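Data block below; observations after.
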Amino acid sequence: RAAEKMAEKKKSKQSKKNDNSKKKKAEEDPWVQCDRCHKWRHLPHTINLMLLPEHWFCELNVYDPKRNICEAPEQTPKEVAKEKKKRAKKLALKKLQMEQQQQED
369 RAAEKMAEKK KSKQSKKNDN SKKKKAEEDP WVQCDRCHKW RHLPHTINLM
419 LLPEHWFCEL NVYDPKRNIC EAPEQTPKEV AKEKKKRAKK LALKKLQMEQ
469 QQQED
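In my numbering, the protein residues as written are 369 to 473.
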């Protein structure tokens, strides 16, 4: 499968560049390359690359509506890490607000 080979190639290439364990953790998430525009797309860590179709296209990226068209810019590993951090902060804030609300009730 072309998508798997390309994802593995990109992952090994990136892991050679980074020796920070947090960066390596972010790179464990799957990446797949569009067979039409050849841009790399980041997928959630829960996605099994073996289950993806042999030919993968940006519009199959139902996990990221911002990047499910070929015209969307390619995402970098640094951007992925930044977005994950932002989501984690947002989730932590929401959890804190819920706890405070429960204490008030």
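Don't be surprised by glycine CBs; every beta carbon is placed ideally from N, CA and C. Nothing here was measured: the structure is a model prediction, and the numbers come from that model.
Beta-bridge partners of residue i, as assigned by DSSP
{"i": "Trp408", "result": "Gln401"}
Under 8 Å between C-beta atoms of residue i and residue j
{"i": "Val448", "j": "His406", "result": "no"}
Start and end residues, alpha helix (DSSP H) containing residue i
{"i": "Pro445", "result": "Pro445 to Glu472"}
Identity of the residue in the options nearest residue i by Cα
{"i": "Pro441", "options": "Leu420, Glu396, Asp473 and Trp408", "result": "Trp408"}
{"i": "Asn436", "options": "Pro445, Met418 and Arg404", "result": "Arg404"}
{"i": "Phe425", "options": "Pro433, Gln469, Val400 and Met418", "result": "Val400"}
*Would you check if there are 3 or more beta carbon pairs closer than 8 Å linking the stretch 405 to 414 to the stretch 458 to 471?*
no
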